[in-house]
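Encoded as structure tokens, the structure appears first; notes follow it.
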Amino acid sequence: MQNSVEIKDLDLQFGAVKVLQNLNLEIGKGEFLVLLGSSGCGKSTLLNCIAGLLDVSGGQIHINDRNVTWAEPSDRGIGMVFQSYALYPQMTVEGNLSFGLKNAKLPKPEIAKRVKHASEVLQIEPLLKRKPAALSGGQRQRVAIGRALVRDVDVFLFDEPLSNLDAKLRADLRVEIKRLHHKLQNTMIYVTHDQIEAMTLADRIAIMRGGQIMQLGSPDEIYGRPINKYVADFIGSPSMNFLEGNIQNGTFEVGELSIPLDGYEFGDAGAATEGAATMGIRPEHVVTGELVESTPFQVDVEVNLIEPTGSDTLVDCEVAGQHFRVRMDGQSRVSVGEKLRLGFAPARVSLFDSKTELRL
Amino acid sequence: MIDITSAPLTGPQGPKPRKSFSRRNIFLYGTLITIALFYALPLYVMFITSLKGMPEIRLGNVFSPPLEVTFQPWVKAWSEACTGLTCNGLSTGFWNSVQITIPSVVLSIIIASVNGYALSNWKFKGADAFFTILIFGAFIPYQVMLYPIVIMLREVGLYGSLGGLVLVHTVFGMPILTLLFRNYFTSLPEELFKAARVDGAGFWAIYAKVMVPMSLPIFTVAVILQVTGIWNDFLFGVVYTSPDNYPMTVSLNNIVNSTQGVKEYNVNMAATILTGLVPLSIYFVSGRLFVRGIAAGAVKG
Numbered sequence: 111m112q113n114s115v116e117i118k119d120l121d122l123q124f125g126a127v128k129v130l131q132n133l134n135l136e137i138g139k140g141e142f143l144v145l146l147g148s149s150g151c152g153k154s155t156l157l158n159c160i161a162g163l164l165d166v167s168g169g170q171i172h173i174n175d176r177n178v179t180w181a182e183p184s185d186r187g188i189g190m191v192f193q194s195y196a197l198y199p200q201m202t203v204e205g206n207l208s209f210g211l212k213n214a215k216l217p218k219p220e221i222a223k224r225v226k227h228a229s230e231v232l233q234i235e236p237l238l239k240r241k242p243a244a245l246s247g248g249q250r251q252r253v254a255i256g257r258a259l260v261r262d263v264d265v266f267l268f269d270e271p272l273s274n275l276d277a278k279l280r281a282d283l284r285v286e287i288k289r290l291h292h293k294l295q296n297t298m299i300y301v302t303h304d305q306i307e308a309m310t311l312a313d314r315i316a317i318m319r320g321g322q323i324m325q326l327g328s329p330d331e332i333y334g335r336p337i338n339k340y341v342a343d344f345i346g347s348p349s350m351n352f353l354e355g356n357i358q359n360g361t362f363e364v365g366e367l368s369i370p371l372d373g374y375e376f377g378d379a380g381a382a383t384e385g386a387a388t389m390g391i392r393p394e395h396v397v398t399g400e401l402v403e404s405t406p407f408q409v410d411v412e413v414n415l416i417e418p419t420g421s422d423t424l425v426d427c428e429v430a431g432q433h434f435r436v437r438m439d440g441q442s443r444v445s446v447g448e449k450l451r452l453g454f455a456p457a458r459v460s461l462f463d464s465k466t467e468l469r470l
Numbered sequence: 224m225i226d227i228t229s230a231p232l233t234g235p236q237g238p239k240p241r242k243s244f245s246r247r248n249i250f251l252y253g254t255l256i257t258i259a260l261f262y263a264l265p266l267y268v269m270f271i272t273s274l275k276g277m278p279e280i281r282l283g284n285v286f287s288p289p290l291e292v293t294f295q296p297w298v299k300a301w302s303e304a305c306t307g308l309t310c311n312g313l314s315t316g317f318w319n320s321v322q323i324t325i326p327s328v329v330l331s332i333i334i335a336s337v338n339g340y341a342l343s344n345w346k347f348k349g350a351d352a353f354f355t356i357l358i359f360g361a362f363i364p365y366q367v368m369l370y371p372i373v374i375m376l377r378e379v380g381l382y383g384s385l386g387g388l389v390l391v392h393t394v395f396g397m398p399i400l401t402l403l404f405r406n407y408f409t410s411l412p413e414e415l416f417k418a419a420r421v422d423g424a425g426f427w428a429i430y431a432k433v434m435v436p437m438s439l440p441i442f443t444v445a446v447i448l449q450v451t452g453i454w455n456d457f458l459f460g461v462v463y464t465s466p467d468n469y470p471m472t473v474s475l476n477n478i479v480n481s482t483q484g485v486k487e488y489n490v491n492m493a494a495t496i497l498t499g500l501v502p503l504s505i506y507f508v509s510g511r512l513f514v515r516g517i518a519a520g521a522v523k524g
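Residue numbers (our numbering), protein chains in the order written: chain Y, 111 to 470; chain C, 224 to 524.
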């Protein structure tokens, strides 16, 4: 696959603070890449570097095989959508869409054509004569996307575009962005701290922490085979359960329990590992009720707390004295103090080295 | 539909009743009205005195309204009152003040707004140091700089001219106006500036097409500050210009202080009101915008 954006040995520091360190990233043509991380991890900073809004301290940025490290934002062939929409309040929607094209000194008919096309794609034609103040949040964000669209660029940058919207609208626009990506087949780089957005939109997700990329992979990979404990903990809601224990002779020993590891795919390094380890099990991978009999490992627990959410019920309990959460169907009737039989398959767990926190 | 017939409510319900003539209200409004009257009184005295003839003034009833209304003092103050040898009233000074105020206000606001924009959005090396030095300028008393500026103006050949005074006003307006504009532009969302850069707008295009159209309140504040300040200025006017170019405030002073025989209180009052009319009308026209502009820096919108 041809690369659309390449980031090579990128460094960025503000004074003594290193925000990005020796970062390398290759993004293919037409790929939807999501930069995911908690606040302060450098994901927005990285996006601003790609856009050219921040000067880098070291390394290179290539867009479409052109070194744009020193290029102005407008010359990089990018369009950007901001969290706060950043529409020019005194211009109409049409003025907002055409501002960049006027700056590029495009002929009038061409501008009109592109504005028309973008407004058709985003269904904002009836709004063209309005000022941003007269638009709803969702409409404003469409116009902001339209402003990137008219520029007819190869790379779209999204900086947490949905964070200012309410939950329902966010879900709607998320689908719309995905549809837009299918239609346009542009490269899109999308920054968010919302893992649902990341999982649903991305071809690949880059999990960032402390200015570095922890793991880069498809949503499936990130969810199913997290590379370290941080990623495992970060992805998934409710978050993964962790049991501290030891690996001995192909079983995982925790307290009185010994969990067989038959079927677990060890990584290259971890095939014969023995010693202190952490086992991660997602609450949704634990089964209860009749299905328990079919799982290789079973344990009895006492229910400490229940959190009904409608669709699911989360159950708090203890396994071998360690805190453990289980996701059950919303229909199941459990009450505090009740005994419950749990089961899970070793093939679906993740094992991490207790010291390095890396996947085994 | 939920149909519930409830028993009639008893006890306090609905809005809490308030007495108009509580002790608190009487005290509050009484104080406010008294203070307001106290401040308005001089204006009232000036205004009625300016409409009286001299014989009526000599009766000494300062607060009584004029028995015979005459506009003669106003005419005299505007076009006939004498200062030294010339007897043109305030009119010459008025036109001088207009010629001083308009270019000074326009020039200082344009320069200061560009300054503020550059300082808030295009951080260059040493921007903070530059800003600190500029603000420090606001705290140096004018008297310190009075004489050095006389020499500087003389050296560049602007001493005594209107141009020289315009230059002085522009320079002295710089610290406070730059501070004002910088703070305002800093309060505007940074993403707008970024969006404009992605859209390919340069330094001046962003300033003119994005920043300025969003900044009406702060421009209003700047205009009011500058018009009032420059129009009311006496010190620079008297020091840096020659008698032909004296601004209105200096003319007023000369009219009031040059007494030949009788002191014409009615003419003096009329002249004073005429001089104060410009800043006063500016305030009445744009007072509401002024308050909004002052508040705009504090509230992010």
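In this text, a Cβ means the ideal position worked out from N, Cα and C, and glycines have one as well.
field: Residues in the stretch 428-446 of chain C having any Cβ partner in chain Y nearer than 7 Å
entry: ALA428, VAL433, PRO436 and MET437
- prompt: Considering only residues of the same chain and omitting the five flanking positions on each side of C:ASN311, which have a CB-CB separation below 7 Å?
  reply: SER302
- prompt: So what's C:ARG377 in DSSP terms, helix, strand or just coil?
  reply: helix
field: Contact under 8 Å by Cβ, C:LEU403 with C:ILE358
entry: no
task: On the DSSP bridge assignment, give the partners of C:ARG511 in chain order.
output: None; C:ARG511 has no bridge partner.
query: Looking only at its own chain, which residues have a Cβ that is under 6 Å from the Cβ of C:VAL292, when we skip the five neighbours before and after it?
result: LEU274
query: Span of the beta strand (DSSP E) holding Y:ASP426?
result: 422-429
- request: Note down the Cα distance separating Y:ARG250 from C:GLN449, rounded to an integer number of angstroms.
  value: 38 Å
- prompt: By a C-beta neighbour count over all protein chains shown, 10 Å radius and 16 as the cutoff for buried, is C:TYR506 buried or exposed?
  reply: exposed
- prompt: Listing by chain order, which chain C residues have their CB less than 8 Å from the CB of Y:PHE192?
  reply: GLU414, LYS417 and ALA418
Beta carbon of Y:GLU141 nearer than 8 Å to that of Y:TYR340: no
task: Compare the C-beta of Y:PRO271 with all C-beta atoms of chain C and state if any pair is closer than 8 Å.
output: no
- prompt: Which residues, in order along the stretch 151-170 of chain Y, keep a beta-carbon less than 9 Å from a beta-carbon of chain C?
  reply: ASN158, ALA161, GLY162 and LEU163
message: Using a 10 Å radius around the Cβ and a threshold of 16 neighbouring Cβ atoms, would you call Y:GLN325 buried or exposed?
response: buried
field: Within 7 Å of chain C by C-beta, residues of the stretch 381-405 of chain Y in sequence order
entry: none
- prompt: When burial is assigned at 16 or more other CB atoms within 10 Å of the CB, is Y:GLN305 buried or exposed?
  reply: buried
- prompt: Per DSSP, Y:ASN177 is paired with what?
  reply: Y:HIS172
field: Proximity test, Cβ basis, 8 Å: Y:GLN200 and chain C
entry: yes
Stretch pair the stretch 329-339 of chain Y + the stretch 305-315 of chain Y: three plus CB contacts closer than 8 Å: yes
query: Y:VAL265 and Y:LEU353: beta carbons closer than 8 Å?
result: no
query: Going along the chain, which unbroken runs of the beta strand (DSSP E) with 3 or more residues stay wholly within the stretch 229-265 of chain C?
result: none
field: Cβ contact check for the stretch 354-370 of chain C and the stretch 422-431 of chain C: 3 or more pairs under 8 Å
entry: no
- request: Measure the beta-carbon distance from Y:LEU143 to Y:ARG314 and round it to whole angstroms, keeping in mind my assumption that it falls under 8 Å.
  value: 5 Å
query: DSSP on C:PHE359, reduced to helix/strand/coil?
result: helix
- prompt: Under 8 Å between the Cβ atoms of C:ILE323 and C:ILE453?
  reply: yes
query: Where do the N-terminal and C-terminal ends of the alpha helix (DSSP H) with Y:SER273 fall, by residue?
result: No alpha helix (DSSP H) contains Y:SER273, which DSSP labels as neither H nor E.
task: Could you name the residues of the same chain whose beta carbon sits closer than 7 Å to that of C:PRO288, not counting the 5 residues immediately before and after it, in chain order?
output: ILE271
task: Using a threshold of 8 Å, state whether the C-beta atoms of Y:GLU204 and Y:VAL225 are closer than that.
output: yes
- request: Consult DSSP for C:GLY524 and reduce its assignment to one of helix, strand or coil.
  value: Reliability fails at C:GLY524, whose pLDDT of 34 lies under 50, so the model's placement of it is uncertain and the value that follows must be treated cautiously. Three-state result, C:GLY524: coil.
message: For a contact defined as C-beta to C-beta under 8 Å, what are the partners of Y:GLY189 on chain C?
response: VAL421
query: How many whole angstroms separate the CB atoms of Y:ASP121 and Y:ASN134, which I take to be in contact at a CB cut-off of 8 Å?
result: In fact, because the Cβ distance is near 11 Å, the residues do not count as touching under 8 Å.
- prompt: Are there 16 or more other CB atoms within 10 angstroms of the CB of C:ASN491, so buried, or fewer, so exposed?
  reply: buried
query: What residue does the beta strand (DSSP E) around Y:PHE142 start on, and which one ends it?
result: 142-146
query: Excluding sequence positions up to five away, which residues of its chain have a Cβ less than 6 Å from the Cβ of C:VAL461?
result: VAL473
message: Using only the alpha-carbon positions, how far apart do C:ARG216 and C:LYS486 sit?
response: In the structure displayed, chain C extends from 224 to 524; residue 216 of chain C sits before or after that span and is not available.
- prompt: Using 8 Å as the Cβ pair cut-off and three pairs as the minimum, do the stretch 183-202 of chain Y and the stretch 409-418 of chain C touch?
  reply: yes
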